[in-house]
Amino acid sequence: MKQQLRTTLHGLTLVYVIVFEVAALADEAAAQRLLDQHQALEPRLRQNQFMRPVVLDSMELADKVAGEIFVVVDYPFATVSSALSDPEHWCDVMSLHINTKYCRAAVTPGGTLLMVHVGKKTPQKLQDAARLQFNYTTLARTPTYFAIGLDASEGLLGTSNYRIGLEAVPLPDNQSFLHLTSSYSMGLMGCMS
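Okay, so the sequence shown: first residue is 2 according to the working numbering, each after it adds one.
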């Protein structure tokens, strides 16, 4: 019985080590992909309409809106990773949008949620604002790469499939390179408004 238990524990440990190593390799590959993207975007980061190291791309289809931002920030990676890996700090990011009326992070048995209320561009009572519930997931966090994902299945005016992603890598000279993506699907009501 003891031998069987030892064999089972050894097998589980081996599985854990393999899974950990595969995840580490995936994170390294993602970090390298983002560094390659930085290199490819270097000309656009140096010279653009923002006069800052920012590249902004967006698209609007009949039923979907999506955008992505690539930016170099003058903060060390450890600072960026620490700040943006905290769900409560995401409320600071969400509150930058004029329509955000409320945001709070909550840890539940099912995971971390961001409760966001959005509404009109003018002052409005919180109970009249629409509520979005984002699932917050840390996808990766290593000394050289991190990735965060937020998703909400439903939104206001028939919108759905909200997806927000952020990933970052360190650059030389205490800088970091960030890639933020955002998208959502529009239903009939969203297309008409």
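The beta carbon of each residue, even a glycine, is placed where N, CA and C say it ideally should be.
None of the values given here were measured: they were computed from a predicted structure.
Put simply, the backbone Cα of P124 is about 28 Å away from that of T113.
According to the DSSP assignment, M60 belongs to the beta strand (DSSP E) that extends over V55 to E61.
Here the C-alpha atom of V170 lies approximately 22 Å from the C-alpha atom of M52.
Of the residues V73, L62, R45 and A30, the one whose Cα lies closest to the Cα of P173 is V73. Each of Q134, G159, E29 and Q38 was checked against the Cα of P88, and the nearest Cα belongs to Q134. In the structure shown, T123 falls within a coil segment according to DSSP collapsed to helix, strand and coil.
Per DSSP, D93 is one residue of the alpha helix (DSSP H) stretching across P88 to M95. Here the segment 155 to 166 makes no contact with the segment 39 to 58; the two share fewer than three CB pairs at distances below 8 Å. Going by C-alpha positions, D93 is about 31 Å away from A63. Rounded to the nearest whole angstrom, the C-alpha separation of A67 and T143 is 27 Å.
Relative to F178, the option among D58, Q50, M60 and P77 whose CA is nearest is P77.
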